[in-house]
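Residues in the sequence shown are numbered consecutively from 149, following the numbering used here.
A virtual CB, placed ideally from N, CA and C, is assigned to each residue, including glycine.
Here's the structure we're looking at; comments come further down.
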Amino acid sequence: MTDSPATATATPRADSTLLDLAHALDAADPLHAHLAAFADAPGVGAYLDGNSLGRPLKDTPEKLATFVREDWGSRLIRSWDEQWMALPMELGDRIGRVTLGADAGQTVVADSTSVLIYKLMRAAASADPSRTELVIEAGNFPTDRFMAEGVAAETGMTVRWIEPDPVLGVQVADVVAAISAKTALVSLSHVDYRSGALADMPGITAAVHEVGALMMWDLCHSAGVIPMQLDAWGVDMAVGCTYKYLNGGPGSPAFAYLRREHQGVLRQPIQGWWSAADIFEMGPQYVPAGDIRQLLSGTPPITSMLAMQGMLDLIEQASVEAIREKSLSLTDFAVRAHDELLAPLGVRLLSTRDAAQRGSHVTIGHPDFRTVTQRLWADGIIPDFRFPDGIRLGLSPLSTSHVETLTGVLAVRDVLESHDR
Ligand SMILES: *Cc1c(COP(=O)(O)O)cnc(C)c1O
Numbered sequence: 149m150t151d152s153p154a155t156a157t158a159t160p161r162a163d164s165t166l167l168d169l170a171h172a173l174d175a176a177d178p179l180h181a182h183l184a185a186f187a188d189a190p191g192v193g194a195y196l197d198g199n200s201l202g203r204p205l206k207d208t209p210e211k212l213a214t215f216v217r218e219d220w221g222s223r224l225i226r227s228w229d230e231q232w233m234a235l236p237m238e239l240g241d242r243i244g245r246v247t248l249g250a251d252a253g254q255t256v257v258a259d260s261t262s263v264l265i266y267k268l269m270r271a272a273a274s275a276d277p278s279r280t281e282l283v284i285e286a287g288n289f290p291t292d293r294f295m296a297e298g299v300a301a302e303t304g305m306t307v308r309w310i311e312p313d314p315v316l317g318v319q320v321a322d323v324v325a326a327i328s329a330k331t332a333l334v335s336l337s338h339v340d341y342r343s344g345a346l347a348d349m350p351g352i353t354a355a356v357h358e359v360g361a362l363m364m365w366d367l368c369h370s371a372g373v374i375p376m377q378l379d380a381w382g383v384d385m386a387v388g389c390t391y392k393y394l395n396g397g398p399g400s401p402a403f404a405y406l407r408r409e410h411q412g413v414l415r416q417p418i419q420g421w422w423s424a425a426d427i428f429e430m431g432p433q434y435v436p437a438g439d440i441r442q443l444l445s446g447t448p449p450i451t452s453m454l455a456m457q458g459m460l461d462l463i464e465q466a467s468v469e470a471i472r473e474k475s476l477s478l479t480d481f482a483v484r485a486h487d488e489l490l491a492p493l494g495v496r497l498l499s500t501r502d503a504a505q506r507g508s509h510v511t512i513g514h515p516d517f518r519t520v521t522q523r524l525w526a527d528g529i530i531p532d533f534r535f536p537d538g539i540r541l542g543l544s545p546l547s548t549s550h551v552e553t554l555t556g557v558l559a560v561r562d563v564l565e566s567h568d569r
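The structure is reproduced here in structure tokens:
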């Protein structure tokens, strides 16, 4: 097996070499057995979108049915006292311990990522009246940008935009150039949703603290696949999805991390009864809870917290460190398959070649990718399309094999080569 240069032309030989390699990598993958835990999707040849919506586990249907029959159907409202009241905090602690490097009492599950971003940004914006700027990145996910604009409009603050390299993402120097004693909060994504660029969380957080500002990380594309140490790295606040790499299902609630020293000090603005010091006191005025429960607002979506629990079991068993190893192997392989099979057809790599700076998806670009993606979906090959011309190959490590990755790349090649697209 030779290392083909990026300019190699696609040949049947490249196909079979890559297929041999994919099989060898799968055979050597210590996490390979976990693939069997995920439900089969009939007619799907390659699911490369686990970074947008993780797959259900095989036992998820039965777990949901049992919940309806027993916890809800038989225990009825007694289940609130017996288990549901504490679930947002218990599940938060679990996510914190298994995926975030966060000690108990600093993470909750609630709302959507968008709403939690608002709550935390708004809290940070009010922390110190002498600080008047929110620093965010121009290429960040829309909801993150829109929330910052909304909070700025509400508080009279200014949004300062970082415009990073689109492939490499935000670097420490970009942040340093944008922050000052006026900065209240810097809010960035750990892994860029488009390029997959992985930001230097400890380095950037330390730089932000140098000017006395707060740091918030959006972990939507990193929770469950990238090892991190929120406590040790001094992160102030973080949010993330549970329906991406944590496989919580469509619309499963988000999680928020708020460092212990900020609890009881920072106050989120949607001060519903679940965030009150005593939920059932039903008193005349609002007294905020002094702990992480202050981030809640109303009755939590218990049913939507069920599916992620099985995935957290799997992640804990496998360990995020081992999952990261597999993720690197999958993304390296996807880059190689791109070089050999797609680059000759004019496809561009829109993710970095430096594995250490990459999350768990690889983005490729071609002007025809919008129509190519429609064709792929119809054929049961499921990556996702991102405007204007990108296909993201999302490689959720526990549920994706190297052979499946190759199946996806070969299908992209075949559609690009076909005449009837
Ligand atoms: C997926 C994603 C979101 C989603 O927010 P919702 O409120 O769950 O719709 C937010 N931020 C980033 C960076 C994402 O990738």
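Remark: fewer than three beta-carbon pairs, one from each stretch, lie closer than 8 Å, so the region 388 to 396 and the region 518 to 535 are not flagged as touching.
Here the alpha carbons of tryptophan 381 and proline 350 stand approximately 5 Å from one another. Proximity of the region 257 to 269 to the region 458 to 467 falls short of the contact definition, fewer than three beta-carbon pairs being nearer than 8 Å. Sequence-distant Cβ neighbours of alanine 466 in its own chain, meaning closer than 7 Å and more than five residues away, are Leu179, His182 and Leu546. Inclusion of histidine 369 in the 8 Å shell around ligand 1 follows from its C-beta lying nearer than that to a non-hydrogen atom of the ligand. Take aspartate 188, set aside five residues on each side of it, and no residue of its chain has a beta-carbon closer than 6 Å to its own.
In this structure, the CA atom of arginine 407 is about 15 Å from the CA atom of valine 257.
Annotation note: the region 350 to 410 contains the following uninterrupted beta strand (DSSP E) runs of length 3 or greater, listed N- to C-terminal: 362 to 366, 385 to 388 and 402 to 406.
Exclusion of the five residues before and after leucine 235 leaves Val257, Pro448, Ile450 and Met453 as the residues of its chain whose Cβ lies within less than 8 Å of its Cβ. Separation of the CB atoms of aspartate 163 and leucine 558 is rounded to 7 Å, and the pair is thereby assigned contact status at 8 Å. Here alanine 424 is buried, its C-beta having at least 16 other C-beta atoms within 10 Å. Within the chosen limit of 8 Å, ligand 1 does not reach the beta carbon of isoleucine 310 with any heavy atom. Taking a 10 Å sphere around the C-beta of isoleucine 243, we find 16 or more other C-beta atoms and assign the residue as buried.
Comparing alpha carbon positions, the residue from Gly538, Gln377 and Val383 closest to glutamate 409 is Val383.
Annotation for histidine 509: the continuous beta strand (DSSP E) segment containing it runs 509 to 513. The beta-carbon distance between glutamate 281 and proline 312, rounded to whole angstroms, is 18 Å. This is too long to meet the 8 Å contact definition. Not one heavy atom of ligand 1 falls within 8 Å of the beta-carbon of phenylalanine 294. Of all C-beta pairs linking the region 216 to 234 to the region 435 to 442, fewer than three are shorter than 8 Å, placing the two stretches out of contact. The region 164 to 177 and the region 409 to 422 do not touch, with fewer than three beta-carbon pairs separated by less than 8 Å. Distances from the CB of serine 200 to the heavy atoms of ligand 1 include at least one below 8 Å.
Setting aside the 5 residues that flank it on each side, proline 204 is surrounded in the same chain by Ala187, each with a C-beta closer than 6 Å to its C-beta; the list follows chain order. Rounded to the nearest angstrom, the Cβ distance from alanine 482 to leucine 564 is 16 Å, too far for a contact under 8 Å.
The beta carbons of threonine 261 and tyrosine 405 sit no closer together than 9 Å.
Taking every protein chain shown into account, the CB of glutamine 416 has 16 or more other CB atoms within 10 angstroms, so this residue is buried. Residue Met385 holds the alpha-carbon nearest to the alpha-carbon of alanine 272 among Ala301, Ala172, Leu554 and Met385.
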